[in-house]
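Numbering (the numbering used here), first residue to last: 9 to 277. Read through the structure below, which is laid out as structure tokens, and then see the notes.
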């Protein structure tokens, strides 16, 4: 039976449409027998109606500024800080790339301006990059979708491509998975996508998993939990992986040790 002892894509109430606190998620992770929990709040212009691709109030994202106060070991669970950043351009640009921050959350001028993306990512252990708002991919060619994901994989802080099985983006699966494998980055198998049944998501996710197995690309099996009762629960994803005889050694989330090693290899730590 396949083992998965990490959940590295989860949300708390700071994602605005999620419902649990970080402590509630940690307790759920402990009760599920997890070794490691990654909390990855949404970093996106869908969170605040006044934000855009070029403007946002840095105070809306101040919860990222204070991640350092969390215990790294909490109720026997290793806790990592992350974010789920929205891919917002076919060039691979992410939300926050074009927003310049010149002052901190209390209005003090920064020594040097920085992008909101740089500010948030510098506080995160890793980034999950996903498509949610898909206006920019409408009518995109397979080549454009492929180049988008390839560009995202080359971003320094990005560790995982999130729920590509339900993104609606057409892309060359073998090329993207092959490059992820070469860069030691992770492709996500997302429990929520499979459980909720987005279109033919089950078939697409199966194709993704089979291609990862063939090309030797590591995957992250995550819940994408938006409430604590979902944390550490992967029955549909693991059943699918069992069915296709997915190799345990390519599941980066199989243990805390395996995930931390995968993160180090991918991010050059």
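For glycine and all other residues, C-beta sits at the position ideal for the given N, C-alpha and C.
Checklist entry - Taking three-plus beta-carbon pairs below 8 Å as touching, is the stretch 44 to 60 in contact with the stretch 98 to 106? => result Between the stretch 44 to 60 and the stretch 98 to 106 there are three or more inter-stretch CB-CB distances shorter than 8 Å, so the stretches are counted as touching.
Checklist entry - Taking the alpha carbon of residue 133 as the point to measure from, which residue in 58, 164 and 150 has its own alpha carbon closest? => result By one-based count along the chain shown, residue 133 stands at place 125. Of the listed residues, the one whose Cα sits closest to residue 133 is 164.
Checklist entry - Buried or exposed: residue 23, going by 16 or more other Cβ atoms within 10 Å of its Cβ? => result Position 15 of the chain shown, counted from the first residue, corresponds to residue 23. The Cβ neighbour count for residue 23, taken over all protein chains shown within 10 Å, is at least 16; the residue is labelled buried.
Checklist entry - Leaving out five residues before and five after residue 20 in sequence, what residues of the same chain have Cβ atoms less than 7 Å from its Cβ? => result The sequence position of residue 20 within the chain shown is 12, counting from 1. The residues are 26, 28, 29, 30, 33, 47 and 49.
Checklist entry - Quick one: what's got a C-beta closer than 6 Å to residue 178's C-beta in the same chain, skipping five residues either side? => result As a first step, residue 178 must be located in the chain shown, where it is residue number 170. Only 150 and 153 meet the Cβ criterion.
Checklist entry - Looking at the unbroken beta strand (DSSP E) that takes in residue 85, where does it start and where does it end? => result Numbered from 1 along the chain shown, position 77 holds the residue referred to as residue 85. Element bounds for residue 85: 85 to 94.
Item to check | Residue ranges of each alpha helix (DSSP H) within the stretch 163 to 198, 4 or longer | outcome: Counting only runs of 4 or more, we get 181 to 191.
Item to check | Distance between residue 202 and residue 139 (C-alpha atoms, nearest Å) | outcome: Against the chain shown, residue 139 aligns to sequence position 131. Against the chain shown, residue 202 aligns to sequence position 194. Our two residues, residue 139 and residue 202, have alpha carbons roughly 16 Å apart in a direct line.
Next on the checklist: Can you tell me whether residue 222 is buried or exposed? The criterion is at least 16 other CB atoms within 10 Å of its CB, across all chains shown.
Outcome noted: The residue labelled residue 222 in the question sits at position 214 within the chain shown. So residue 222 counts as exposed.
Item to check | Sequence-distant residues of its chain with Cβ nearer than 8 Å to residue 255 (five each side left out) | outcome: One-based indexing of the chain shown puts residue 255 at position 247. Within the same chain, residue 255 has close Cβ partners 221.
Checklist entry - For residue 216 versus residue 173, is the C-beta distance shorter than 9 Å? => result If you number the chain shown from 1, residue 216 lands on position 208. If you number the chain shown from 1, residue 173 lands on position 165. With contacts defined by Cβ atoms closer than 9 Å, residue 216 and residue 173 form a contacting pair.
Next on the checklist: I'd like the list of long-range same chain contacts for residue 156, defined as Cβ closer than 6 Å, with 5 residues on each side in sequence excluded.
Outcome noted: Residue mapping note: residue 156 aligns to position 148 of the chain shown, counting from 1. Cβ contact annotation for residue 156 (same chain, cutoff 6 Å, sequence separation greater than five): 98 and 100, in chain order.
Checklist entry - How about residue 128 and residue 72: do their beta carbons lie closer than 9 Å? => result Residue mapping note: residue 128 aligns to position 120 of the chain shown, counting from 1. Residue mapping note: residue 72 aligns to position 64 of the chain shown, counting from 1. Yes, the Cβ-Cβ distance between residue 128 and residue 72 is below 9 Å.
Item to check | For residue 134, three-class secondary structure by DSSP | outcome: On the chain shown, residue 134 is found 126 positions in, with the first residue counted as 1. Looking at residue 134 - three-state DSSP - the assignment turns out to be strand.
Checklist entry - For the putative contact between residue 18 and residue 233, defined by C-beta atoms under 8 Å, what is the C-beta separation to the nearest angstrom? => result Residue mapping note: residue 18 aligns to position 10 of the chain shown, counting from 1. Residue mapping note: residue 233 aligns to position 225 of the chain shown, counting from 1. Between residue 233 and residue 18 the Cβ distance is about 4 Å, and since that is below 8 Å, they are a contact.
Item to check | Residues that DSSP places opposite residue 117 in a beta bridge | outcome: For this step, residue 117 is matched to residue 109 along the chain shown. BP columns for residue 117 point to 111.
Item to check | Residue range of the unbroken alpha helix (DSSP H) whose run includes residue 212 | outcome: Here residue 212 refers to the residue found at position 204 when the chain shown is read from its first residue. Taken as a continuous stretch (DSSP letters only), the alpha helix (DSSP H) holding residue 212 covers 209 to 223.
Checklist entry - Exposed or buried, what is residue 67 when buried is set at 16 or more other beta-carbons lying within 10 Å of its beta-carbon? => result Here residue 67 refers to the residue found at position 59 when the chain shown is read from its first residue. By the 10 Å Cβ count, residue 67 comes out exposed.
Checklist entry - Taking the DSSP output, what are the residues bridged to residue 122? => result As a first step, residue 122 is located in the chain shown; it is residue number 114 there, counting from the start. Residue 122 pairs with 109.
Next on the checklist: Applying the 10 Å Cβ sphere with the 16-neighbour rule, what's the burial state of residue 182?
Outcome noted: If you number the chain shown from 1, residue 182 lands on position 174. Around the C-beta of residue 182, fewer than 16 other C-beta atoms lie within 10 Å, and the residue is accordingly described as exposed.
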